[in-house]
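A.B. asks:
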Amino acid sequence: MSLGQHLVELRKRILLAALALIVGMVVAFFITDAVIYLITVPIREIAETEGDAAKVELMFSTVTSAFDLRLRMSFAIGLLISAPVWLWQIWAFIMPGLTRKEIRYTVGFVAAAVPLFFAGCYVGLMVMPHIVELMASFVPDGGASFFDASYYYDFVFKLLIVVGVSFVLPVFLVALNLAGVMSGRAILKGWRVAVLVAVVFAAVATPAADVVSMLLLAGMLVVLFFAAAAVSMLFDRRRTKREATLLPPEALA
Numbered sequence: 001m002s003l004g005q006h007l008v009e010l011r012k013r014i015l016l017a018a019l020a021l022i023v024g025m026v027v028a029f030f031i032t033d034a035v036i037y038l039i040t041v042p043i044r045e046i047a048e049t050e051g052d053a054a055k056v057e058l059m060f061s062t063v064t065s066a067f068d069l070r071l072r073m074s075f076a077i078g079l080l081i082s083a084p085v086w087l088w089q090i091w092a093f094i095m096p097g098l099t100r101k102e103i104r105y106t107v108g109f110v111a112a113a114v115p116l117f118f119a120g121c122y123v124g125l126m127v128m129p130h131i132v133e134l135m136a137s138f139v140p141d142g143g144a145s146f147f148d149a150s151y152y153y154d155f156v157f158k159l160l161i162v163v164g165v166s167f168v169l170p171v172f173l174v175a176l177n178l179a180g181v182m183s184g185r186a187i188l189k190g191w192r193v194a195v196l197v198a199v200v201f202a203a204v205a206t207p208a209a210d211v212v213s214m215l216l217l218a219g220m221l222v223v224l225f226f227a228a229a230a231v232s233m234l235f236d237r238r239r240t241k242r243e244a245t246l247l248p249p250e251a252l253a
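So that you can map any letter, position 241 of the sequence shown is 241 in full-length UniProt numbering, and since no number is skipped, the others follow by simple counting.
(1) Mapping the DSSP letters down to three states, classify residue 59 as helix, strand or coil.
(2) Do the region 69-80 and the region 15-31 make contact, defined as three or more Cβ pairs closer than 8 Å?
(3) Return the Cβ separation of residue 58 and residue 43 in integer angstroms, given the expectation that the two are a contact with Cβ distance under 8 Å.
(4) With the cut-off set at 8 Å, would you say residue 65 and residue 29 are in Cβ contact?
(5) Whole angstroms are fine: how far does the CA of residue 8 sit from the CA of residue 166?
(6) Are the region 159-176 and the region 109-125 touching by the rule of at least three beta carbon pairs closer than 8 Å?
(7) Contact check, residue 109 vs residue 171 under 8 Å by CB: the rounded distance?
(8) Going straight from the alpha carbon of residue 95 to that of residue 235, what length do you get?
(9) Candidates 230, 60, 203, 226: which alpha carbon is nearest residue 217's?
(10) Taking the continuous beta strand (DSSP E) assigned at residue 141, which residues delimit it?
(11) Could you tell me if the beta carbon of residue 152 falls within a distance shorter than 7 Å of some heavy atom in the ligand NAP?
(12) Is it true that the CB of residue 198 sits closer than 8 Å to the CB of residue 222?
(13) Start and end of the alpha helix (DSSP H) containing residue 96?
(14) How would you label residue 153, buried or exposed, when you count the other beta carbons within 10 angstroms and need 16 or more for buried?
(15) Go ahead and label residue 180 buried or exposed: buried means 16 or more other beta carbons lie within 10 angstroms of its beta carbon, across all protein chains shown.
(16) When the distance is taken between beta carbons, is residue 233 closer than 8 Å to residue 184?
(17) I need the straight-line Cα distance from residue 182 to residue 47, nearest angstrom please.
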């Protein structure tokens with residue numbers, strides 16, 4: 001294909017992806033109430049604990065803040081709903097330029113990264129209420145907890161993204177191994193640093209008083225790291241055997 005044909009193909013893929021995103025946003029706009037209800041569970045639990053719901057509320061500080069929040073949520077949820085379409089458009093555009101080996105690696109990477117990312121988001125959603133409840137416990141007697149809706153949504157969204165991405169990092173380690181950047185042994189040698197980073201990240205992402213959540217999150221990250229190291233060492237062993245079979249007899253002698 002000529003450069004002009006590539007540009008036409010790119011425009012077609014972008015238009016289809018944008019159309020899917022718009023449809024996803026429209027659908028998402030009608031389920032924002034359910035999402036808001038889900039992420040505000042900690043606020044309602046704090047209100048019930050204190051016995052005065054008027055002191056713990058989700059606050060919309062401007063006339064348009066409620067609508068703005070729903071638009072932002074619609075974009076994020078719509079991006080998620082339309083992911084199969086726009087991911088396919090990206091894949092359909094780049095696939096003709098890839099070799100069979102690169103296609104196999106890409107499919108394997110996506111197949112492993114997507115479930116891990118959603119698993120991380122789920123863990124973040126489970127940890128989030130504990131963080132909110134712990135932070136609310138520092139409000140002095142006589143004080144009121146008014147959670148700004150926009151800030152609260154940013155907090156929840158960023159927490160889910162950070163924990164989700166942290167679960168995908170082991171897949172990147174395997175990808176670096178397949179690319180020949182790092183060997184499995186080199187990855188395994190860094191286990192002390194990996195454990196330290198996992199514990200520090202878990203301590204930051206979870207309340208200091210909730211030791212169980214911290215240990216569970218750190219344990220999951222450490223297990224994923226060692227799994228990535230084991231898979232990389234397996235690939236190294238297969239690569240070594242394959243290279244040995246390709247060497248001439250005199251080289252082996």
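Even glycine gets a Cβ: it sits at the ideal position worked out from N, Cα and C. The structure displayed is predicted, hence computed values, not measured ones.
C.D. replies: The answer reads as follows:
(1) Correct three-state label for residue 59: strand.
(2) Verdict: yes, contact present.
(3) Between residue 58 and residue 43 a beta carbon distance of about 6 Å is seen, short of the 8 Å cut, so the two are scored as contacting.
(4) Not a contact, by the Cβ cut-off of 8 Å.
(5) Each residue's alpha carbon lies about 37 Å from the other.
(6) As far as the Cβ criterion goes, the region 159-176 touches the region 109-125, which means the pair count is three or higher.
(7) That belief holds up - the Cβ atoms of residue 109 and residue 171 are roughly 6 Å apart, short of 8 Å.
(8) Straight-line Cα distance between these residues: approximately 24 Å.
(9) For the residues 230, 60, 203, 226, the minimum Cα distance to residue 217 belongs to 203.
(10) Looking at the DSSP string, residue 141 is not in any beta strand (DSSP E), and its letter there is neither H nor E.
(11) The ligand NAP is absent from the structure shown, which contains no ligand whatsoever.
(12) A contact, by the Cβ cut-off of 8 Å.
(13) Membership of residue 96 in any alpha helix (DSSP H) is not indicated, and neither H nor E is assigned to it by DSSP.
(14) Burial call: buried.
(15) When all chains shown are included, residue 180 counts as exposed.
(16) Between residue 184 and residue 233, the C-beta gap is smaller than 8 Å, which places the two residues in contact.
(17) As the crow flies, the alpha-carbon of residue 182 is around 51 Å from that of residue 47.
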